[in-house]
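In the numbering used here, the protein residues as written are 557 to 880.
We put the beta carbon where it would ideally sit given N, CA and C, even for glycine.
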Amino acid sequence: MKKIDDLLSQMDQEPVSLLPTPFYRMNSLSKLLECNIYIKRDDLTGFAFGGNKTRKFDFLIADALKKGCDTIIGIGANQSNFCRILACIGAKYGLTVHLILNGKEPKNPTGNLLIDHLLDATIYHIDTIDPEERMKKALEVKNHLEYNGKNIYFLPPGGSTSIGTLGYIAGWGELMDDFERHQIVVDKVIHASSSAGTQAGLVAGQAITGWSGEIIGMSVDVPKDELEKNVYNLAQSAGDFLNIQIPESIINVDENYIGKGYGIRTAGCEEAVELFAKNEGIFLDYVYTGKAAHGLIDYCRSGKITPDETVVFIHTGGNIELFE
Ligand SMILES: Cc1ncc(COP(=O)(O)O)c(C=O)c1O
């Protein structure tokens with residue numbers, strides 16, 4: 557979409573993602589759930605097995621290279637999708653990667669962690685889920701590396717900085733082009749939300765384009781009020797680069813599909829993974845997209861999405877987790 561492309565042309569970009577990603581109607585699931593459901597396949601962004609994080613890196617790596625950084629530090633869980641993509645970014649652009657990961661070091665790394673190892677990222681396992689402990693370790697690593705003369709690009713969980721948020725402003729522009737190409741009027745967009753960067757970019761895009769539908773971030777771990785605040789702050793900080801204001805009223809988080817917490821499976825999430833696989837040949841994951849799809853399915857069944865409405869589900873990736 558030209559308006560968004562023009563705004564973003566003032567920002568540095570490095571095309572990591574292979575875009576645009578596919579967009580189409582999920583005919584079998586639409587029939588089964590008696591709703592009109594489209595999917596944006598951001599699991600197919602191409603780089604390093606794809607997913608929403610590559611869109612953030614389209615801007616983050618451009619920023620890191622511009623600042624002359626030689627080292628990137630990333631933070632996440634042992635099976636972090638973000639850290640997997642970060643390890644691949646480091647390999648491709650010649651930057652050293654240090655990852656601070658929650659969770660014990662397993663005997664045999666699998667899934668995302670297997671890729672981190674394959675790419676020779678330096679990994680520090682922190683045997684706690686306490687984010688403060690993890691940040692303490694990350695800052696310790698940063699100070700040590702800086703003391704040794706390294707120029708660090710330090711990334712918070714999910715790469716959710718104001719620069720990273722630009723990735724989903726661009727993603728929103730792409731979605732608007734999809735809607736136009738398919739000549740559809742979309743009422744709702746649903747996706748998994750956690751560190752706020754994806755949703756912040758989408759709502760900033762919505763603010764720029766004045767789209768009148770509803771974007772709903774299905775939280776996979778963070779309580780609604782906290783995540784809505786995080787989304788607002790991040791969206792506005794990215795908006796400041798582009799001189800746009802974000803109305804708080806367009807930020808909607810649903811916390812009803814989290815279950816017992818991050819990474820803990822729910823029955824609804826398991827059903828969603830099965831329904832997508834068996835009806836559409838699309839593979840979700842149990843941490844992020846499965847929980848978001850549970851929300852989508854529940855909205856269809858409960859009438860929160862009606863048969864005359866059109867809904868878009870953004871598949872944000874993460875299905876490497878199936879091989880954990
Ligand atoms: C597969 C997947 N989907 C969704 C999300 C949530 O995106 P964000 O952290 O930008 O809210 C993540 C974040 O780690 C993810 O890995």
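Using DSSP with H/G/I as helix, E/B as strand and the rest coil, what is residue i?
| i | result |
| --- | --- |
| residue 808 | strand |
| residue 596 | strand |
| residue 778 | coil |
| residue 709 | strand |
| residue 770 | strand |
| residue 862 | coil |
| residue 658 | strand |
| residue 738 | coil |
| residue 684 | coil |
| residue 678 | strand |
| residue 753 | helix |
| residue 839 | coil |
| residue 762 | helix |
| residue 668 | helix |
| residue 853 | helix |
| residue 844 | coil |
| residue 817 | coil |
| residue 612 | helix |
| residue 557 | coil |
| residue 789 | helix |
| residue 587 | helix |
| residue 663 | coil |
| residue 568 | coil |
| residue 602 | coil |
| residue 543 | Examination of residue 543 is not possible in this model, given that the chain is present from 557 through 880 alone. |
| residue 699 | helix |
| residue 795 | helix |
| residue 717 | coil |
| residue 802 | coil |
| residue 874 | coil |
| residue 830 | helix |
| residue 784 | helix |
With which residues is residue i paired in a DSSP beta bridge?
| i | result |
| --- | --- |
| residue 618 | Paired residue(s): none; residue 618 is not in a bridge. |
| residue 869 | 595, 746 |
| residue 632 | 657 |
| residue 627 | 652, 708 |
| residue 581 | 594 |
Strictly under 9 Å for the Cβ-Cβ distance: is residue i near chain C by that measure?
| i | result |
| --- | --- |
| residue 611 | Absent from the structure is chain C; it holds one protein chain and no more. |
At a cut-off of 8 Å, is residue i close to ligand 1 when judged by its beta-carbon and the heavy atoms of the ligand?
| i | result |
| --- | --- |
| residue 596 | no |
| residue 587 | no |
| residue 755 | yes |
| residue 813 | no |
| residue 500 | One cannot answer for residue 500 here, as it falls past the ends of the chain, which runs 557 to 880. |
| residue 649 | no |
| residue 637 | yes |
| residue 747 | yes |
| residue 841 | yes |
| residue 776 | yes |
| residue 577 | no |
| residue 844 | yes |
| residue 793 | no |
| residue 833 | no |
| residue 752 | yes |
| residue 608 | yes |
| residue 874 | yes |
| residue 729 | no |
| residue 817 | no |
| residue 773 | yes |
Q | Contact between the region 647–660 and the region 824–844 (3+ Cβ pairs under 8 Å) | A | Taking 8 Å as the limit for Cβ pairs, the verdict is that the region 824–844 does not touch the region 647–660.
Q: Inspect the CB distances between the region 803–812 and the region 760–773 and report whether three or more fall short of 8 Å.
A: Judged by Cβ distances under 8 Å, the region 803–812 makes contact with the region 760–773, as three or more pairs qualify.
Q | Contact between the region 583–600 and the region 616–623 (3+ Cβ pairs under 8 Å) | A | No, the region 583–600 does not touch the region 616–623.
Q.
Any contact between the region 726–740 and the region 630–640? By contact I mean 3 or more CB pairs, one from each, below 8 Å.
A. The answer is no - the region 630–640 does not touch the region 726–740, with fewer than three Cβ pairs under 8 Å.
Q) Is the number of C-beta pairs between the region 658–669 and the region 743–756 that are closer than 8 Å three or more? A) Judged by Cβ distances under 8 Å, the region 658–669 makes no contact with the region 743–756, as fewer than three pairs qualify.
Q.
I want to know whether the region 608–619 touches the region 778–793 - three or more CB-CB distances under 8 Å.
A. Under the 8 Å Cβ criterion, the region 608–619 does not count as touching the region 778–793, having fewer than three qualifying pairs.
Q. Are the region 560–572 and the region 596–615 in contact at 8 Å, needing three or more beta carbon pairs?
A. Cβ pair count under 8 Å is three or more, so yes.
(Q) Between the region 845–852 and the region 865–877, can you find at least three pairs of beta-carbon atoms closer than 8 Å? (A) Judged by Cβ distances under 8 Å, the region 865–877 makes contact with the region 845–852, as three or more pairs qualify.
Q. Just checking, does the region 566–577 make contact with the region 675–683 on the three C-beta pairs under 8 Å criterion?
A. These segments do not touch.
Q. So does the region 722–729 actually touch the region 687–704, counting three or more Cβ pairs closer than 8 Å?
A. Output reads no: the region 687–704 does not touch the region 722–729.
**Q.** At least 3 beta-carbon pairs within less than 8 Å: the region 780–792 vs the region 751–765
**A.** Counting Cβ pairs under 8 Å, three or more are found: they touch.
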